[in-house]
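Below: one structure, written as structure tokens.
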Amino acid sequence: MIYDINAWAFSNDAEFPHQDWDLFITDISTAPLLLSLSINPEVANDKRKVFLACLYLLVGDAVGIVKDRTHLEEVRLFVEQASSNQNYYIQQWVFRSFQLIQNPELFDYKKWCDGIDIFSFWKD
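Residue 122 is where the sequence shown starts when you use the working numbering, and the numbers rise one by one after that.
What follows is the structure, given as structure tokens:
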């Protein structure tokens, strides 16, 4: 699966390999790769946005859908590790993720799990 993610990230093909591909690739095991691709300047901007949306999906899914404490703790630890990254968009994601993890009642599916459309729901 990691090969598929990298292959698409660095290809000229702008289309998803298949419908719901973002759902398929978003997992705690792929999270470090998704993070690195979301900030890699060699990846096209529109694809970096897809990988960033996958990071939001990772957190939103853990808090608002799966609701498994062990999985949520794994995701929280990943967000904590990512907090040292100085990229502006990652810092926004880290801040928002910690807010959501601490206040799960703030979960909004459209802001966290609706693909690249999520960015239209954030006002900053």
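Each residue gets a CB set at the ideal place from its N, CA and C atoms; glycine is no exception. None of these values were measured; they are calculated from a predicted model.
Problem set entry | Option nearest Q213 by Cα separation, candidates E136, I160, I126 | I160
Problem set entry | Range covered by the alpha helix (DSSP H) that runs through P153 | Note, P153: alpha helix (DSSP H), 152-160.
For this session: Within 10 angstroms of the Cβ of L156, are there 16 or more other Cβ atoms? Answer buried if so, exposed if not.
Result: buried
For this session: Give a yes or no on contact between the segment 222-231 and the segment 177-189, applying the rule of three or more CB pairs nearer than 8 Å.
Result: The segment 222-231 is in contact with the segment 177-189.
For this session: Can you have a look at W233 and say buried or exposed, based on whether 16 or more other CB atoms are within 10 angstroms of its CB?
Result: Taking a 10 Å sphere around the C-beta of W233, we find 16 or more other C-beta atoms and assign the residue as buried.
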